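S.K.: What follows is a single structure, and I will ask about it in a moment.
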Amino acid sequence: MTQTVQAQIAYFGKIPSRGDFVKSPHNPQLLQTLDRWIAQALELLAEDPRWKIVYEDAKPMHFAFLGSRSKLAIAGHMVASHDVSMRRFPFLGATALEVDRPLAFLARSPLAFARLWSRVAAQMPPL
């Protein structure tokens, strides 16, 4: 059985034309969780003296958070970005989906998320 999922994409991050963060009103709890995840990752990255070079060279990436027992699956796309003052912080689009059978979903998640990843990536060219 094929099931089509219409996921509402929430976005968050920095873009070069704005002075601060931009975010959608959709799914604030998801965005808050992803904000903490990115902030912690940037703190770890900043320990490397070359972190700005690494950040600037980062390619856009798809991501997913899945668990064998979690009925919540999170997927999105992220690009390295900055605000008008050149403060670095990624821009991302993401969604959360409920899955009935998490363990079974794990194996097919790349296929399940392929269309979502393609759509979001097309709307978020590298900045």
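Residue numbering for the sequence shown follows this note's numbering, beginning at 4 and increasing consecutively.
Glycine included, C-beta positions come from ideal geometry on N, C-alpha and C.
On a predicted model such as this, the values are computed, not experimentally measured, just so you know.
Run the CB neighbour count on ILE77, radius 10 Å, all protein chains shown included, and call it buried at 16 or more, exposed below.
M.R.: Buried: at least 16 other Cβ atoms inside 10 Å.
S.K.: When the Cα of PRO19 is compared with those of HIS85, ALA42, MET81, LEU69, which residue comes out closest?
M.R.: Nearest option by C-alpha distance: HIS85.
S.K.: Along the chain, where does the alpha helix (DSSP H) containing ALA124 start, and where does it finish?
M.R.: 105-126 is the extent of the alpha helix (DSSP H) around ALA124.
S.K.: Note down the Cα distance separating THR40 from GLN126, rounded to an integer number of angstroms.
M.R.: The sequence as given places Trp at residue 40; Thr does not occur at that position. In a straight line, the C-alpha of TRP40 is about 23 Å away from that of GLN126.
S.K.: Taking the Cβ atom as the reference point for each residue, do ASP38 and PHE15 lie within a distance shorter than 8 Å?
M.R.: yes
S.K.: Are the CB atoms of PHE94 and VAL132 within a distance shorter than 8 Å?
M.R.: Look at the range of the chain in this structure, 4 to 130, and you will see that residue 132 is not part of it.
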